[in-house]
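*Asks:* Per this note's numbering, the very first residue in the sequence shown carries number 691; after that it's consecutive. For every residue, glycine included, the Cβ atom is placed at its ideal position computed from N, Cα and C.
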Amino acid sequence: MFIRIAVIFFGVGFLIPGFLGVFRPEQLAEGLALTPDGSAGLLTVRALIGAPYLAMAAIAIYAALRGQWALLVPLAAIEGVMTLVRIMTGITEGFDSASIRIIIVELVCTVVLALRAILPARNARQQSNPL
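#1: By Cβ distance, which residues of its chain are closer than 6 Å to I845, with the 5 residues on each side in sequence left out?
#2: So, with DSSP's three-state summary, where would you put A767?
#3: Rounded to a whole number of angstroms, what is the C-alpha to C-alpha distance between Q817 and T779?
#4: Using 8 Å for Cβ pairs, my map puts V697 next to V802. What's the rounded Cβ distance?
#5: Does M691 come out as helix, strand or coil in the three-state DSSP assignment?
#6: Are L705 and Y743 touching if we call contact CB-CB under 9 Å?
#7: Between L732, I793, A723 and M691, which has its C-alpha nearest R714's C-alpha?
#8: When you compare each of P707, L761 and Y752 to V735 by their alpha carbons, which one comes out closest?
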């Protein structure tokens, strides 16, 4: 039950950059230290940041409410790759306290999503094959 709530919490967390990216791209871009060039740049923020985060939110919340945990595998993969890129960037360009906090949050998110996606499959196999 705790992990179900955590997955819903992460889904709601994905809504924040999703809604900002789609409905307030200027604000999201400023928060990310991006400078979009005119309407084409704002469209890029909407399409490449806002939309994927809205989709991730919908998938996480749907998976948690319906118990379809396998849907979390791609979300864990996306979060995992983002975390690896942040770590690689930190190694090459240096870490600061803000980047370390973000890495920790993304790492926790990755682990929770991956564990919830994988563990039910193990339990189902054990129940179908008790030996």
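*Replies:* According to the data block:
#1: Residue 845 is absent from the structure shown; the chain starts at 691 and stops at 821.
#2: helix
#3: Residue placement at Q817 is flagged as unreliable, the pLDDT there being 48, under the threshold of 50; the coordinate-derived value follows with that caveat. When rounded, the distance between both Cα atoms is 43 Å.
#4: 7 Å
#5: coil
#6: yes
#7: L732
#8: If we check each option's Cα against that of V735, P707 comes out closest.
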